[in-house]
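Before any comments, here is the structure.
Protein chains: 2
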Amino acid sequence: MQELRKRKQTIVFSEPPSILSFASVVGKMEACGPLSGSFDLSARDGHFGQISWEKAETHMQRTALQLALQKAALEEKDLDAVFLGDLLNQCIGSSFSMRGKNIPTLGLYGACSTMAEGMLLAGMSVAGGFCNRVSALSSSHFASSERQYRFPLGYGGQRPPTAQWTVTGCGAVIIGKSGNGPYLRSATIGCVTDAGVTDGNNMGAAMAPAAFQTILAHFRDTGTGPKDYDLIVTGDLGKLGSQALRQLFEKEGIDFGPHYEDCGVLIFDLEKQDVHCGGSGCGCSAAVLCGYLLGQMQRRKINRMLFCGTGALLSPVSIQQGESIPSICHAVELHTERS
Amino acid sequence: MQELRKRKQTIVFSEPPSILSFASVVGKMEACGPLSGSFDLSARDGHFGQISWEKAETHMQRTALQLALQKAALEEKDLDAVFLGDLLNQCIGSSFSMRGKNIPTLGLYGACSTMAEGMLLAGMSVAGGFCNRVSALSSSHFASSERQYRFPLGYGGQRPPTAQWTVTGCGAVIIGKSGNGPYLRSATIGCVTDAGVTDGNNMGAAMAPAAFQTILAHFRDTGTGPKDYDLIVTGDLGKLGSQALRQLFEKEGIDFGPHYEDCGVLIFDLEKQDVHCGGSGCGCSAAVLCGYLLGQMQRRKINRMLFCGTGALLSPVSIQQGESIPSICHAVELHTERS
Numbered sequence: 088m089q090e091l092r093k094r095k096q097t098i099v100f101s102e103p104p105s106i107l108s109f110a111s112v113v114g115k116m117e118a119c120g121p122l123s124g125s126f127d128l129s130a131r132d133g134h135f136g137q138i139s140w141e142k143a144e145t146h147m148q149r150t151a152l153q154l155a156l157q158k159a160a161l162e163e164k165d166l167d168a169v170f171l172g173d174l175l176n177q178c179i180g181s182s183f184s185m186r187g188k189n190i191p192t193l194g195l196y197g198a199c200s201t202m203a204e205g206m207l208l209a210g211m212s213v214a215g216g217f218c219n220r221v222s223a224l225s226s227s228h229f230a231s232s233e234r235q236y237r238f239p240l241g242y243g244g245q246r247p248p249t250a251q252w253t254v255t256g257c258g259a260v261i262i263g264k265s266g267n268g269p270y271l272r273s274a275t276i277g278c279v280t281d282a283g284v285t286d287g288n289n290m291g292a293a294m295a296p297a298a299f300q301t302i303l304a305h306f307r308d309t310g311t312g313p314k315d316y317d318l319i320v321t322g323d324l325g326k327l328g329s330q331a332l333r334q335l336f337e338k339e340g341i342d343f344g345p346h347y348e349d350c351g352v353l354i355f356d357l358e359k360q361d362v363h364c365g366g367s368g369c370g371c372s373a374a375v376l377c378g379y380l381l382g383q384m385q386r387r388k389i390n391r392m393l394f395c396g397t398g399a400l401l402s403p404v405s406i407q408q409g410e411s412i413p414s415i416c417h418a419v420e421l422h423t424e425r426s
Numbered sequence: 088m089q090e091l092r093k094r095k096q097t098i099v100f101s102e103p104p105s106i107l108s109f110a111s112v113v114g115k116m117e118a119c120g121p122l123s124g125s126f127d128l129s130a131r132d133g134h135f136g137q138i139s140w141e142k143a144e145t146h147m148q149r150t151a152l153q154l155a156l157q158k159a160a161l162e163e164k165d166l167d168a169v170f171l172g173d174l175l176n177q178c179i180g181s182s183f184s185m186r187g188k189n190i191p192t193l194g195l196y197g198a199c200s201t202m203a204e205g206m207l208l209a210g211m212s213v214a215g216g217f218c219n220r221v222s223a224l225s226s227s228h229f230a231s232s233e234r235q236y237r238f239p240l241g242y243g244g245q246r247p248p249t250a251q252w253t254v255t256g257c258g259a260v261i262i263g264k265s266g267n268g269p270y271l272r273s274a275t276i277g278c279v280t281d282a283g284v285t286d287g288n289n290m291g292a293a294m295a296p297a298a299f300q301t302i303l304a305h306f307r308d309t310g311t312g313p314k315d316y317d318l319i320v321t322g323d324l325g326k327l328g329s330q331a332l333r334q335l336f337e338k339e340g341i342d343f344g345p346h347y348e349d350c351g352v353l354i355f356d357l358e359k360q361d362v363h364c365g366g367s368g369c370g371c372s373a374a375v376l377c378g379y380l381l382g383q384m385q386r387r388k389i390n391r392m393l394f395c396g397t398g399a400l401l402s403p404v405s406i407q408q409g410e411s412i413p414s415i416c417h418a419v420e421l422h423t424e425r426s
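Chains as they are written, first to last, in the numbering used here: chain A, 88 to 426; chain B, 88 to 426.
Pasting the structure below:
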C-alpha cells in the first residue's frame with residue numbers, strides 16, 4: 088500500500104458541475120425488487136418489444152436518455168457529448184443506441200464501473216469548460232450478458248452461491264455547468280487491481296480490493312473518511328464482496344459503520360429473488376444511481392454521497408486462459424450543496 | 088447534412104497540451120513494410136515471446152508505454168492517468184497491461200478510433216488542469232482479432248479483395264502541460280454514423296462516411312480546409328475507403344489534393360504484402376502516428392496535421408444478426424507550433 092499512498096488519484100472540481108436530470112429503465116425482475124418505485128420505466132419482459140436481447144439493451148439506452156432529456160426540458164441537439172458503454176462484446180449496446188443520433192459520442196469500457204467512469208469524464212468535460220451539457224449512461228442486460236460471459240440461457244446451467252445476477256437496466260444522467268444539483272465535487276480515478284481471483288462466478292471477491300484501493304485513495308486525497316458521507320455506495324460487489332470490502336477497511340482500522348451500501352444488494356431481495364449474492368452489471372449501479380440514489384439526494388435524504396462504480400475486467404477468453412480477474416473502481420463524490 | 092452543420096463538435100484548447108514523447112511497437116509484417124524504419128521495436132514473430140496472442144498484445148502495450156516513458160525521462164508513477172483501449176472482447180489487452188501498475192486507468196472503446204479518442208480525452212484532462220502528465224495508447228493484433236471477429240486462423244478462410252489486414256502494433260504517447268510539441272490544438276468528437284454497409288469485410292466503405300462527417304465538422308467549426316493542413320490522415324479506411332472519402336468530399340466541392348493519406352495504406356506495401364485494401368485495427372493508426380507521423384512532425388516535415396481515428400463499431404454478433412456497421416471518427420489537430 089506504500090506506493091498507492093504517494094499518488095494523487097483524485098480530481099477536485101473547483102467549479103462543480105451539476106446533475107440536471109436523471110432517468111432509469113429496468114427489466115421486470117428489477118421492477119419487482121425493493122427499489123421498484125424508484126425507476127422511471129420497467130418492461131413486462133426482457134425483450135422490451137425488440138427481436139433480440141442486444142436490441143432490447145439498445146432500446147433501454149435510448150429510452151433512458153430520452154427520459155432524462157425530457158426531464159431537463161432538453162433535446163438531443165443540446166448535448167455536446169455522450170459518454171457511454173456497456174458489457175457486450177465491442178460495446179454494441181452503446182454504439183447502436185447512438186447510431187443516427189448525431190450526438191458527439193465517446194465510447195468507454197470500464198465493465199461495471201462504466202457509469203462512474205462516464206460521470207467522471209463528463210464532469211471533466213464540463214468543469215474544464217469544453218462542453219456545456221453532456222450525458223453519461225450505461226446499461227446491462229441479463230440475457231445478453233449470460234450468453235456472452237457464461238452459458239446460453241437454454242442450457243440451464245446451475246449458478247454457484249457466489250454468483251451474482253446481471254441487472255437488466257440502464258441509467259442516464261445529464262450534467263451541465265449550472266443547475267440545482269446534486270453537484271459533482273470530485274472524482275477518483277481507479278487503478279487496475281488484481282487480487283488473484285480466478286473464479287468468474289465470484290466477482291465480488293475480485294472487485295472488493297479495487298474498491299478498497301480507490302476509496303482509500305479518495306479518503307487520503309480529500310482528507311475525508313466514512314463519517315463525512317451520508318452514504319458510500321459501491322456498484323455491484325454483492326453480498327460477499329461488500330463483506331470483503333468492510334473487512335479490508337477494518338484491517339486498516341476504518342469502520343464503515345452504517346454509511347455503506349452496495350447497489351447489487353439494494354436492487355434485489357436477496358432472500359426471495361433467487362439472485363444469490365445480488366445484482367451486477369453496468370446497469371446495476373447505473374439504474375440504482377439514476378433511480379433510488381439520486382432520488383434520495385433530490386429529497387435531501389442523502390446530502391453527500393461517494394458513488395463507487397466497480398468493474399471486473401474479465402472476458403470469457405481470459406477466464407478460459409486461466410487468468411485471474413483484474414478489477415477497477417472509479418469514485419464520484421456527489422453533494423446536494425455546490426460548495 | 089443540414090443538422091450536422093448546426094452542431095459544434097470541436098473542442099479548441101486555449102492552452103494546447105504538448106506531446107512529450109511517443110513510441111511504437113509492431114509485428115514482423117509491419118516491420119517489413121514501407122514504414123519499417125519508423126518504429127521503435129518489432130518482433131520476430133506474432134507471439135512477442137508470450138504464450139498467447141492476447142498476452143502478446145498486452146506485452147506490446149506495456150513495451151510501448153515503457154519506451155515512451157523512457158524517452159520523456161519519466162516513470163510510471165509520474166502519470167496521472169492512462170487512456171487506453173483495444174479491439175478484444177471486454178478490452179482485455181488493455182486491462183491486463185495496466186494490471187498491477189498502480190496507474191489511474193480510464194478504459195475506452197472506440198474500435199479503431201481509440202488512439203484519437205484517447206488523445207482527445209487525454210488532451211482535455213491536461214488542458215482542463217485536471218492532470219499534469221497522461222498517456223494515450225492503443226493496440227491491435229492480427230491473430231487475436233482474426234479469431235475473434237472472423238475465423239480461427241487454422242481454418243484458412245479466404246479473404247475477399249475488400250478486406251483489410253489487422254495491424255499487429257501499438258502506439259503510446261505521453262501528453263503534458265508544457266513541452267516542445269507537437270501540440271494538441273483542437274479535437275473534434277465524432278458522431279456514430281451508419282451508411283448501411285453490412286459486409287464486415289468492407290469496413291473502409293462503412294467508415295468513410297463517419298470520417299467525412301467528422302472532418303467536415305472540423306472544417307466548419309475551425310474555419311479551415313484541406314489546404315490549412317500539411318497532412319490530413321485517417322486511421323484505417325484502406326484503399327477503397329480512402330477513395331470513398333475523397334469522393335464524398337468531391338461531391339461537397341472540396342478537393343483533398345495531395346494533403347490526404349491513410350495509415351492503413353501507408354503501413355503496408357499493398358502490391359507486395361498481400362493485404363488487399365491495407366491495414367486496419369486500433370494498432371494501425373496508433374503505430375503509424377507514434378512512429379512515422381510524429382517522427383515527421385519532430386523533423387518539421389509536417390507542421391500541421393489532422394489525425395483522424397476511424398472506427399467500425401461492429402461485433403461478430405451484430406453482423407450475424409444482419410445489422411449494418413455503425414462507424415465513428417474522432418479527429419485531433421496537431422501542430423508543431425503552440426499558437
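No residue lacks a Cβ here, since even glycine has one placed at the ideal position from N, Cα and C.
Beta-carbon spacing of residue i, residue j below 8 Å
i	j	result
GLY328/A	CYS350/A	no
LEU207/A	ILE276/A	yes
ARG149/B	SER108/B	no
GLU117/B	SER226/B	no
ASP315/B	SER411/B	no
PHE57/B	ALA373/B	Absent from the structure is residue 57/B, since the part of chain B shown begins at 88 and ends at 426.
THR192/A	GLY172/A	no
GLY120/B	PHE394/B	no
HIS363/B	GLN245/B	no
TYR196/B	GLY194/A	yes
CYS278/A	ALA110/A	no
ALA298/A	CYS199/A	no
ALA295/A	LEU332/A	yes
Min CB distance residue i to chain B below 8 Å
i	result
VAL279/A	yes
LEU400/A	yes
PRO413/A	yes
ILE276/A	yes
GLN153/A	no
VAL404/A	yes
GLN408/A	yes
LEU421/A	no
Minimum Cβ-Cβ distance from residue i to chain A less than 8 Å
i	result
PHE183/B	yes
CYS265/B	Residue 265/B is actually Ser in this sequence, not Cys. False, the Cβ-Cβ gap to chain A never drops below 8 Å.
ILE98/B	yes
ILE262/B	no
Any C-beta of chain E under 8 Å from that of residue i
i	result
GLY187/A	The question asks about chain E, but that chain is absent: this structure's protein chains are A and B.
Cβ distance (whole Å) where residue i is taken to contact residue j below 8 Å
i	j	result
VAL112/B	CYS257/B	5 Å
TYR270/A	ARG387/A	At roughly 13 Å, the Cβ-Cβ gap does not stay under 8 Å, so TYR270/A and ARG387/A are not in contact.
LEU224/A	ALA259/A	4 Å
Exercise for the section: Could you please tell me which residues of the stretch 190-217 of chain A, in chain order, have their CB closer than 9 Å to any CB of chain B? Expected result: ILE190, PRO191, THR192, LEU193, GLY194, LEU195, TYR196, GLY197, ALA198, SER200, THR201, GLU204, LEU207, LEU208, MET211, SER212, ALA214, GLY215, GLY216 and PHE217
Practice task
Please list the residues of the stretch 104-115 of chain A that have a C-beta atom closer than 8 Å to any C-beta atom in chain B, keeping them in chain order.
Solution key: none
Exercise for the section: Using a Cβ-Cβ cut-off of less than 8 Å, give me the residues of the stretch 369-383 of chain B that come near chain A, in sequence order. Expected result: For the stretch 369-383 of chain B, the set of positions with a beta-carbon nearer than 8 Å to some beta-carbon of chain A is empty.
Exercise for the section: Would you list, in chain order, the members of the stretch 165-178 of chain B that have their beta-carbon closer than 8 Å to a beta-carbon of chain A? Expected result: Taking 8 Å as the cut-off between beta carbons, the residues of the stretch 165-178 of chain B near chain A are ASP167, ALA168, GLY172, LEU174, LEU175, ASN176, GLN177 and CYS178, in sequence order.
Exercise for the section: Would you check if there are 3 or more beta carbon pairs closer than 8 Å linking the stretch 97-106 of chain B to the stretch 231-250 of chain A? Expected result: no
Exercise for the section: Note down, in chain order, all residues in the stretch 122-150 of chain A with a beta-carbon under 7 Å from any beta-carbon belonging to chain B. Expected result: SER139 and GLU141
Problem - Any 3 or more C-beta pairs closer than 8 Å across the stretch 403-410 of chain B and the stretch 172-179 of chain A - result: yes
Exercise for the section: Would you be able to state if there are at least three C-beta pairs under 8 Å between the stretch 258-268 of chain B and the stretch 210-222 of chain B? Expected result: Counting C-beta pairs with one atom in each stretch, the stretch 210-222 of chain B and the stretch 258-268 of chain B have three or more that are closer than 8 Å, which means they touch.
Practice task
Decide if the stretch 155-170 of chain B is in contact with the stretch 357-370 of chain B; the criterion is three or more beta carbon pairs, one per stretch, under 8 Å apart.
Solution key: no
Handout entry: Three or more C-beta pairs below 8 Å linking the stretch 380-388 of chain B and the stretch 290-309 of chain B
Key = No contact exists between the stretch 380-388 of chain B and the stretch 290-309 of chain B.
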